[in-house]
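For reference, the structure discussed in these notes is given below.
Numbering (this note's numbering), first residue to last: -7 to 125.
Next up, the structure:
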């Protein structure tokens, strides 16, 4: 199986926030080209599951695999190609534009590269003067 066609698997994913259990032993397999919908009430754990599947949040229990390899063992380059597009923008209002970009770049870039990446994005969109807003 080639890496670009590899399935994503999650086994036994569990997550708590304080005393509240939001995920309990979730198993999931997504094959290449498969389209699925995840439906649930507000607070059911949908966003938490996606955050765990994409590596933005560590799970309390369970494992994630891509092409049969543990997600955490994948190279930074390979993980950087894996993305999650949220249903609403994930912008932190208490942070400046540059700080928001630095935060997300730090999830994908090597240490120290996030500032350079953020500056490039701000310049590309003509927002360098608004970086600290």
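Built from N, CA and C at the ideal position, the CB exists for glycine as well.
If you check the CB distance, residue 15 and residue 37 come in under 8 Å. Distance from residue 53 to residue 6 at the Cβ level is roughly 4 Å; contact confirmed, criterion being Cβ atoms closer than 8 Å. In this structure, DSSP gives residue 27 a state outside helix and strand, which the three-state scheme calls coil. Bridge pairing for residue 116: absent [DSSP].
Distance from the Cα of residue 58 is smallest, within the candidate group 2, 18 and 68, for 2.
For residue 124, no beta strand (DSSP E) segment is defined, and its DSSP state is neither H nor E. Put simply, the backbone Cα of residue 94 is about 32 Å away from that of residue 4. Under DSSP, residue 6 takes part in a beta bridge, and its partners are 53. Contact between residue 110 and residue 90 is confirmed by a C-beta separation of about 5 Å, below the 8 Å threshold.
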